[in-house]
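To convert, note that position 110 of the sequence shown is 110 in full-length UniProt numbering; the numbers rise steadily by one, no gaps.
Before any comments, here is the structure.
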Amino acid sequence: MMPGSMAARQPLQGKQELQPYDGRDPSALGGSPVLVPRQQESAAPPAVRVAPPPDMSSSSGSGRSATEARALKVHSEAERRRRERINAHLATLRRMVPDTRQSTPLPPETDEVSIELHTGDAGADRTVYIRASISCADRPDLVAGLAQAFHGLRLKTVRANMTSLGGRARHVFVLCMEDGWGSAGASLRSLKEAVRQALARVASPETAYGSSPFQSKRQMILESH
C-alpha cells in the first residue's frame, strides 16, 4: 500500500471540527474574515396618496337649505292667515248665535222682524253675516216662504234656530251672501232693507197680498172658546 493513500485515510491533524455559524464576526475570534451574504430587505411599496373628492356638498347644501327655509316661511305665513280667517269667522258667529245654556225666549205676541249685519274682524276675510229674526204666526208654509225669500236675495243659511209655541213662531237665521258682498255702507243698508221687506212679507202675508188662507193655531184656539 502506498504511503500517500495511507496519509489520505488518516484524519487531518491540526484541523478543528466545523461549528455552525453563530453570527459573530470571525475576525474577532482570531480567524480570517468570512464574507456572509447579506439578506436583501424587501422594500415596502410606496404609499399612494388619494386626493379627496371636491367638496360640492357645502355649496349645494347651503342652496338647498335656503330654499327650504323660504318655503317653510311661506307655508307658515299662509297657515297663520288661514287661522286668523277661521278665528274671525268663529268670533263673528259667537256674537250672533245666542248662548244655548240660556233659556229660549218665547215667541212674542206681535209680528216682528229684526235684521243685524256683522262683518269679520279687520285684517281677515271681511265676510258679511246677517242675523235675521222673525216672529209671526205659525203656519205650514212659513219655512218654505222664508227659504224662497233667502233664495231670491242669494243668501245662504249658516245657522237656524226655530221656536214654535202656542201658534206663534220665532225663527232666527244666520245668513251670508253666496257670491260675496261689497263693504260699502250704502250696499249694506240696501241689503238690510231688502231682507227686512222680504221677511215682513213672509211674516204678514195678509198685509201684502190680502187675507191669508191659513189661520194661526192660536187664533183658531181663541175662536173656539
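Glycine included, every Cβ here is placed at the ideal spot set by N, Cα and C.
With C-beta atoms as the reference, is residue i less than 8 Å away from residue j?
i, j, result
"V202", "G152", "no"
"V113", "R196", "yes"
"M177", "R159", "no"
"P134", "H171", "Checking the displayed sequence, the identity of residue 134 turns out to be Ile instead of Pro. Yes, the Cβ-Cβ distance between I134 and H171 is below 8 Å."
"T119", "H89", "no"
Measure from the alpha carbon of residue i to the alpha carbon of each residue in the options, then state which is nearest.
i, options, result
"G167", "E68, D138, A71, L199", "D138"
"F173", "E77, A91, A88, E116", "E116"
"E109", "L191, E79, A169, S190", "A169"
Please report the residue range of the alpha helix (DSSP H) in which residue i lies.
i, result
"L142", "142-152"
Which same chain residues end up closer than 7 Å to residue i when comparing Cβ atoms and leaving out the 5 residues on each side of it in sequence?
i, result
"S204", "D111, C136"
"F150", "T157, L175"
"A132", "I115, F173, L175, V195, L199"
"H75", "none"
"E77", "none"
Starting from residue i, follow the beta strand (DSSP E) in both directions and report where the run begins and ends.
i, result
"E112", "112-119"
"S204", "Segment: none, S204 is in no beta strand (DSSP E) and carries neither H nor E."
"T163", "155-165"
"R170", "168-177"
"R49", "Element bounds for R49: n/a, residue is neither H nor E."
"R131", "128-137"
For residue i, I'd like the list of residues in its chain whose CB is within less than 6 Å of its CB, leaving aside the five on either flank, ordered along the chain.
i, result
"P140", "none"
"S164", "D138"
"N161", "V172"
Suppose the cutoff is 8 Å on Cβ atoms and the five residues either side in sequence are ignored; what does the same chain contact list for residue i look like?
i, result
"K192", "I115, L117, I130"
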